[in-house]
Amino acid sequence: MTKQYTVVIEKDEDGWLISEVVELPGCHTQAKTMDQLLERTKEAIRAYLAEEELEESQQTFLGIQHIEV
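Written as C-alpha cells, this is what we have:
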C-alpha cells in the first residue's frame with residue numbers, strides 16, 4: 000500500500016535542492032538534481048518509517064494507572 004506525503008523543496012545558496020517531508024518531522028535530504036532529490040526523498044521516507052516501526056515494536060504495554068492529584 001502506498002501513501003502520499005507532502006514535500007517542501009527549497010534551493011540553498013550553494014545550489015543544493017533540499018526536501019523536507021511535512022508529515023515526518025526530521026525527515027529531509029538534499030541533492031544537486033530534482034530527479035536525484037526525489038529518489039533520495041523516497042529513500043529517506045522508507046528509512047524513517049522503518050525506524051518508526053522498529054521503535055514501536057520495542058515498546059511493551061505495562062498497564063494503566065489512575066493518579067489523583
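All the letters of the sequence shown, read from the start, carry residue numbers 0 to 68 under numbering that gives the first Met the number 0.
For each residue, glycine too, the CB sits at the ideal point set by N, CA and C.
Bridge partners of residue i, per DSSP?
i, result
"residue 71", "Look at the range of the chain in this structure, 0 to 68, and you will see that residue 71 is not part of it."
Applying the criterion that 16 or more other CB atoms from any shown protein chain within 10 Å of the CB defines a buried residue, is residue i buried or exposed?
i, result
"residue 66", "exposed"
"residue 61", "exposed"
"residue 8", "exposed"
"residue 43", "buried"
Considering just the uninterrupted stretch of the beta strand (DSSP E) at residue i, what are its terminal residues?
i, result
"residue 27", "27-30"
Quick check on this structure: which residue in the options has the alpha carbon closest to the alpha carbon of residue i?
i, options, result
"residue 34", "24, 15, 21, 1", "15"
"residue 41", "18, 0, 51", "18"
"residue 4", "32, 24, 68", "24"
"residue 50", "39, 26, 68", "26"
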